[in-house]
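Novice: Encoded as structure tokens, here's the structure I'll be asking about.
In our numbering, the protein residues as written are -6 to 180.
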């Protein structure tokens, strides 16, 4: 009951704020257009050109800064994602018996690797990778092998996307098929 009332208040405040911002935006634009019409056409054209150039410059600076930040995070992301791939490879190589694992009997090295992975995901992973990781973990608890493979493929896709790679021409399951002895096994 209380959460519903809070949600309604937030919705009303959001709608009122949006209406005020839209009204102020419309007022600014209409006033600017009227002012520009009152000016000599050459002066108005040069003001519009200067304003568009300034907006373009701000956008280019913002885009460049965003790209620099993403590039500076790339190495840390790769290290975290490598930890994930290392864990997957240990399970695939048979170094870990997945059926015998429970929260109470995890080997110390595995517990340490999972803690390192979780810490890295919290710090560096995109929200899509974090959601894929949580979905993957839930699937492993259910124990359905096919579902685990599909969620692992989703994890791989999210990682690739986070690192700037395209998944557009890949079908569902393509990434996981790379590691299967029989790639047609998943179909």
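Yeah, the Cβ is synthetic: ideal placement off N, Cα and C, and Gly gets one too.
Compare the C-alpha of residue 173 against each of 61, 31, 52 and 84 and name the closest.
Specialist: 84
Novice: What does the alpha-carbon distance come out to for the pair residue 143 and residue 163?
Specialist: 13 Å
Novice: Residue 138 by DSSP, collapsed to three states: which one?
Specialist: Of the three classes helix, strand and coil, the one that applies to residue 138 here is helix, per DSSP.
Novice: Looking at the structure shown, is residue 157 part of a helix, part of a strand, or coil, going by DSSP?
Specialist: coil
Novice: Given a threshold of 16 other Cβ atoms within 10 Å of its Cβ, counted over all protein chains shown, does residue 126 qualify as buried or as exposed?
Specialist: buried
Novice: In angstroms, rounded to a whole number, what distance separates the CA positions of residue 50 and residue 28?
Specialist: 24 Å
Novice: Return the chain-ordered list of same chain residues with a C-beta closer than 8 Å to the C-beta of residue 150, the five sequence neighbours on each side being excluded.
Specialist: 125, 160, 163 and 168
Novice: Who are the Cβ neighbours of residue 133 in its own chain at under 7 Å, not counting the five residues just before and after it?
Specialist: 141
Novice: What number of angstroms, rounded off, separates the C-alpha of residue 9 from the C-alpha of residue 87?
Specialist: Taking the straight line from one Cα to the other gives about 59 Å.
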